[in-house]
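Notes follow once the structure below has been shown.
Residue numbers (the working numbering): 49 to 566.
Below is the structure:
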């Protein structure tokens, strides 16, 4: 009901104007502070972005270009062996960059989890995989395994943890899929092909083994009409975004300013809130670009990789909040949906979400900030479920049936507004610091009350309505029959059926098969 309802065009125009004015105001302040206080030529606070697109750009381009060339030659000469060629090139690239001892360490983890997978006990695969993953998050195991990497190559510490962490997650996926295989076992060669696919090896994303196995061994490599054009366009789009981000980081120090607590205490409430929001938008852009570059290359290899994360601007429910869709797909498939079932039982949902965020906390690295982030997001996800069930009871169903669909959408947007800022604050905690998140929360909810709080919530309400309008139009494209066209003027519509009202939640309708958790 909330998605199907249309709002008058003039109302949507007002929402657009308010949102644009607010964002321009916040951006103007950041630009003024950056130009006056910081005299360097570029915001270099994000080490990961600088590594990808500045410091080690040539190394990454060289390695990935070699993969593309080898893959093309293989597709022309020995199509049936292309997955094997991917593996050989990946192992050679890892050996060249990290040394034979590191390759041996990776192989030992693969052999260990492969051996355990032969027992075909899911719980044993999980215990072994998570225990192995924990050895890269805790001392003294970290230092001992890090000793296998030698040399002065600056990128090696990052490649070490990335390669090992993703290797264990991929090996867990292989082991769990092998447990589900009824006739025999997958060979260890399939695990090595899966793990040493170079574009995914160091930085992800994780593509579950069942999908990789089918796609990498697919003999039919024909493309759809216009597919190569779309891949080329995607590559050019990522290049354009990289250039735009480079220009923005030259003029706006959105990553450095949150670390200057003395400066933050003297800025306006609205500027601080805008800075927090722009930090999350930047992190989404970074994730979308880095995963997008890898995904473009894997699409050239006729794979269908995990999609980039959903933009933070489009998120107002916890069920869709994630910055790494590969990890999210992994956790949903093997933990969240497996334990949660149909996600209609409160206790099952609580157990599933606790286990999911527990593994997510281990993946990110145990620490107080990570534990707080995991607890808050777990609570938010379950609170959404509780609220959805509560608002499907009487008298709320009768009330919703009595009002127009457009009014129902407006009421839902009010709830979504508070949910949106809850998601923002929880993730600012993980991406910046506890001090910055605490300062933003105090200024938004306490010190800035009521003027700043009401103003920010109204602007967010405008944003939520524009998101809902985009979702409505997308639903109209996907399934045009049940959705009416935009209303030319405010007018009550026909009352919804009881089925519609029962399916509606106070925040967002939830599809059990599409539930997301991170």
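All C-beta atoms, glycine included, are put in the ideal place defined by N, C-alpha and C.
For residue i and residue j, I'd like the C-alpha separation in whole angstroms.
i           : j           : result
residue 243 : residue 502 : 50 Å
residue 267 : residue 352 : 15 Å
residue 253 : residue 75  : 32 Å
residue 241 : residue 169 : 23 Å
residue 112 : residue 410 : 29 Å
residue 376 : residue 166 : 26 Å
residue 330 : residue 421 : 19 Å
residue 400 : residue 378 : 14 Å
residue 238 : residue 265 : 10 Å
residue 531 : residue 53  : Interpretation of residue 531 is limited by its pLDDT of 47, a score under 50 that renders its predicted location unreliable; the figure taken from the coordinates is listed afterwards. Roughly 8 Å separates the two Cα atoms.
residue 389 : residue 104 : 44 Å
residue 357 : residue 435 : 26 Å
residue 363 : residue 152 : 42 Å
residue 190 : residue 261 : 31 Å
residue 115 : residue 278 : 20 Å
residue 405 : residue 413 : 12 Å
residue 94  : residue 458 : 38 Å
residue 538 : residue 513 : Model confidence at residue 538 stands at a pLDDT of 46, short of 50, so the residue's coordinates are unreliable and nothing is read from them.
residue 519 : residue 63  : 16 Å
residue 133 : residue 139 : 10 Å
residue 292 : residue 73  : 20 Å
residue 273 : residue 280 : 13 Å
residue 517 : residue 450 : 22 Å
residue 70  : residue 485 : 21 Å
residue 126 : residue 135 : 14 Å
residue 230 : residue 98  : 47 Å
residue 579 : residue 349 : An answer regarding residue 579 cannot be provided, because it is not within the stretch 49 to 566 covered by the chain.
residue 86  : residue 304 : 9 Å
residue 456 : residue 391 : 25 Å
Count the other CB atoms within 10 Å of the CB of residue i; is the residue buried (16 or more) or exposed (fewer)?
i           : result
residue 306 : buried
residue 68  : exposed
residue 446 : exposed
residue 432 : buried
residue 328 : buried
residue 61  : exposed
residue 322 : buried
residue 448 : buried
residue 58  : exposed
residue 393 : exposed
residue 233 : exposed
residue 504 : buried
Sort the options by Cα distance to residue i and report the nearest one.
i           : options            : result
residue 179 : 166, 167, 196, 160 : 160
residue 176 : 188, 162, 187      : 162
residue 225 : 249, 258, 209      : 258
residue 340 : 100, 54, 71        : 100
residue 223 : 105, 172, 209      : 172
residue 174 : 204, 314, 382      : 382
residue 491 : 312, 515, 272      : 312
residue 343 : 334, 333, 354      : 354
residue 164 : 413, 221, 440      : 221
residue 137 : 205, 97, 64, 248   : 248
residue 92  : 302, 395, 187, 338 : 302
residue 314 : 487, 95, 517       : 487
residue 120 : 282, 397, 346, 462 : 346
residue 480 : 456, 97, 524, 417  : 417
residue 56  : 499, 256, 454      : 454
residue 370 : 336, 284, 394, 393 : 336
residue 154 : 117, 197, 361      : 197
residue 263 : 407, 128, 472, 437 : 128
I'd like the list of long-range same chain contacts for residue i, defined as Cβ closer than 8 Å, with 5 residues on each side in sequence excluded.
i           : result
residue 157 : 180, 212, 215, 216, 219
residue 495 : 317
residue 123 : 130, 269
Apart from the five residues just before and just after residue i, which ones in its own chain have a Cβ nearer than 7 Å to its Cβ?
i           : result
residue 90  : 297, 298
residue 207 : 145, 146, 250
residue 429 : 366, 367, 401, 565
residue 403 : 383, 387
residue 545 : At residue 545, the pLDDT of 38 sits below 50, so the modelled position is not reliable and the matter cannot be decided from this model.
residue 470 : 428
residue 482 : 417
Take residue i and list the residues in its own chain whose beta-carbon comes closer than 6 Å to its own, dropping the five residues that flank it on each side.
i           : result
residue 508 : 465, 468
residue 141 : 111, 246
residue 300 : 78, 79, 82
residue 543 : With a pLDDT of 38 at residue 543, under the threshold of 50, the predicted position of this residue should be treated as unreliable, though the coordinate-derived value follows. These residues qualify, in order along the chain: 449.
residue 96  : none
residue 284 : none
Which runs of the alpha helix (DSSP H) spanning at least 4 residues fall entirely within the region 156 to 214, listed in chain order?
If one requires a minimum length of 4 residues, the alpha helix (DSSP H) runs lying completely within the region 156 to 214 are 170 to 182, 189 to 194, in chain order.
Ranges of the alpha helix (DSSP H) found wholly within the region 266 to 349, counting only runs of at least 4
275 to 299, 309 to 312, 317 to 348
Within the region 467 to 509, ranges of the beta strand (DSSP E) (whole runs, at least 3 residues):
none
What are the start and end residues of each continuous alpha helix (DSSP H) run of 4 or more residues lying completely inside the region 375 to 458, in chain order?
Within the region 375 to 458, the complete alpha helix (DSSP H) segments of 4 residues or longer fall at 385 to 388, 394 to 412, 416 to 438, 444 to 450, listed in chain order.
Contained alpha helix (DSSP H) runs [length at least 4] in the region 75 to 112, N- to C-terminal order:
95 to 98
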